[in-house]
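Enquirer: Position in the sequence shown (from 1) plus 43 gives the number in our numbering.
From the three backbone atoms N, C-alpha and C, an ideal C-beta is built for every residue, glycine too.
Supplied in structure tokens, the structure appears directly below.
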Amino acid sequence: MAFAAGGRSLEAVVLPSAVALAAGYVQLARIDEPTVERTLPPEGFVGEGGEVRLAFEGPGPGGLSPTYVADVDDALDDGLEGPAGPVRTSVGDAPATYRVGYLRRGERRFGPVTVTASDVFGLFEREAVVEAFDETLAYPACREVPARLRRSLYADDAVGASRRREEFDRLREYARGDPLRDVHWAATAKHDELVVKAFAAQTERGRVTIAGETADGREDAPGRNGAGDRATAVRREGATDRDPADALAGAAASLALALLDDGVPVDLTLPGGEVSADPGARGRRAVLELAARTGPGTVGVEEADARVVADERGARYRVGDRTLAFDEVAGAPVRAAVGGGPGGGEVGDAGGTATETDPPDGVGDETAARGGVASATGGEAAGRRDEVIGG
44 MAFAAGGRSL
54 EAVVLPSAVA
64 LAAGYVQLAR
74 IDEPTVERTL
84 PPEGFVGEGG
94 EVRLAFEGPG
104 PGGLSPTYVA
114 DVDDALDDGL
124 EGPAGPVRTS
134 VGDAPATYRV
144 GYLRRGERRF
154 GPVTVTASDV
164 FGLFEREAVV
174 EAFDETLAYP
184 ACREVPARLR
194 RSLYADDAVG
204 ASRRREEFDR
214 LREYARGDPL
224 RDVHWAATAK
234 HDELVVKAFA
244 AQTERGRVTI
254 AGETADGRED
264 APGRNGAGDR
274 ATAVRREGAT
284 DRDPADALAG
294 AAASLALALL
304 DDGVPVDLTL
314 PGGEVSADPG
324 ARGRRAVLEL
334 AARTGPGTVG
344 VEEADARVVA
354 DERGARYRVG
364 DRTLAFDEVA
374 GAPVRAAVGG
384 GPGGGEVGDA
394 GGTATETDPP
404 DGVGDETAAR
414 GGVASATGGE
424 AAGRRDEVIG
434 G
């Protein structure tokens, strides 16, 4: 009798366990390995980021059947910051989403995606690696440049002309900082984007040439400054572990963007190439893309309105007979205006647009709003990220 009771108790334990094992095995054996479509946030500055969305589809037109619970891990390169662990989602039923931050400038890589499915009892796992790769571009962190420094690069007659509103010249795309009174509302309605009126006085400014390079091979070359290796050793004593190429990219892009936002065309030459940029979204994007990709090195430009030289200590502007350390004259970080949708915005911040502040040491004393880094009112700032980085 006791033996029979013990047998029934054993069956009550073993049979359900066997059923659970069989059910879990069959469940994972029936699932399809998914394909992944990744939606990335917009390109942005270092320190920004946004939401990544991973949508899963089946190998056939009917989608994934059945759906299943899985941990999703999207591999990121070392210039990106993502979630601390895999994202749990129902594959085939809902996309997986996570926040990513841009840590380093340059081309940033996503993928592959590892999908680890588990059965409903948590007894079995099945892993699939989906070879889905995407890239985005992270721009160097940019900061405000004092108005006095910017305007010292303009031709004297151009500064005067920029204050006059003469005869109408042409229509052009809106650039951040353009006054609302210049918006051509009829053309804006036709093109579904802001269009402004340009006046003759605004087209008289000449181009500003900017040449940027790292100190390797120019300032640190023995005998270049008459002091040779001794000067090099002194400089390196105060050096930090900053990447000269990163310092160069940030300082050069900051100055170029500031001039473009003032309506001044720019010719920018860096070790990674050169661009000729006009005010507007396309010009900003061209400058930022070059700065994002440039590496260390020298350039063959001997004559430039402004030269940017960077080493381990940071970047310096050379304008005429003046040398200004970028970290000492630069203002607040340039931030893109963000809307309420996914993507964009500074990591850990609600976004917004910086306002120009008084630079230290009296380099510039103006706090007037300026395109790309100036404050904008209400709807003018909201949702117009592409005005800063191009769209």
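1. Within the chosen definition, does the stretch 232-241 reach the stretch 283-298 through at least 3 CB pairs nearer than 8 Å?
2. When the Cα of residue 335 is compared with those of 182, 132, 138 and 98, which residue comes out closest?
3. Taking C-alpha atoms, which residue in 171, 195 and 300 lies nearest to residue 218?
4. Going by DSSP in three states, residue 79 sits in which element: helix, strand or coil?
5. Suppose you measure from the CA of residue 303 to the CA of residue 228; what does that come to, to the nearest Å?
6. What is the C-beta distance between residue 253 and residue 364, in whole angstroms, given that I count them as a contact (C-beta under 8 Å)?
7. If you drop the 5 nearest sequence neighbours on each side, which residues of the same chain put their C-beta closer than 6 Å to that of residue 340?
8. For residue 179, collect the residues of the same chain with a Cβ closer than 7 Å to its Cβ; drop the 5 residues on either side in sequence, then sort them by chain order.
9. To the nearest angstrom, how far is the alpha carbon of residue 306 from that of residue 92?
10. Under 9 Å, do residue 159 and residue 116 count as touching if we go by C-beta distance?
11. Under three-state DSSP, which class holds residue 314?
12. Taking only three categories from DSSP, how would you classify residue 260?
13. Cβ of residue 144 within 9 Å of Cβ of residue 81?
14. Count the other CB atoms, across all protein chains shown, that sit within 10 Å of the CB of residue 350; report buried if there are 16 or more and exposed otherwise.
15. At what residues does the alpha helix (DSSP H) containing residue 99 begin and finish?
16. Which of helix, strand or coil does DSSP assign to residue 195?
Expert: Working from what's here:
1. Between the stretch 232-241 and the stretch 283-298 there are fewer than three inter-stretch CB-CB distances shorter than 8 Å, so the stretches are not counted as touching.
2. Closest by alpha carbon: 182.
3. The candidate whose alpha carbon is nearest that of residue 218 is 300.
4. Three-state DSSP puts residue 79 in a strand.
5. Cα to Cα, the separation comes out at about 23 Å.
6. Not confirmed; about 17 Å, so no contact.
7. So the qualifying residues of the chain are 314.
8. In the same chain as residue 179, and ignoring 5 residues on each side of it, the C-beta atoms closer than 7 Å to its own belong to 83, 86 and 151, in chain order.
9. Residue 306 and residue 92: Cα-Cα distance of roughly 28 Å.
10. Yes, these two residues count as a Cβ contact at 9 Å.
11. It is coil, neither helix nor strand.
12. Because the pLDDT at residue 260 is just 42, under 50, the model does not fix this residue reliably, and the value given afterwards should be weighed accordingly. Coil, per DSSP.
13. Not closer than 9 Å, so no.
14. That one is buried.
15. First-last for residue 99: 92-100, but that is the beta strand (DSSP E), not the alpha helix (DSSP H).
16. Of the three classes helix, strand and coil, the one that applies to residue 195 here is coil, per DSSP.
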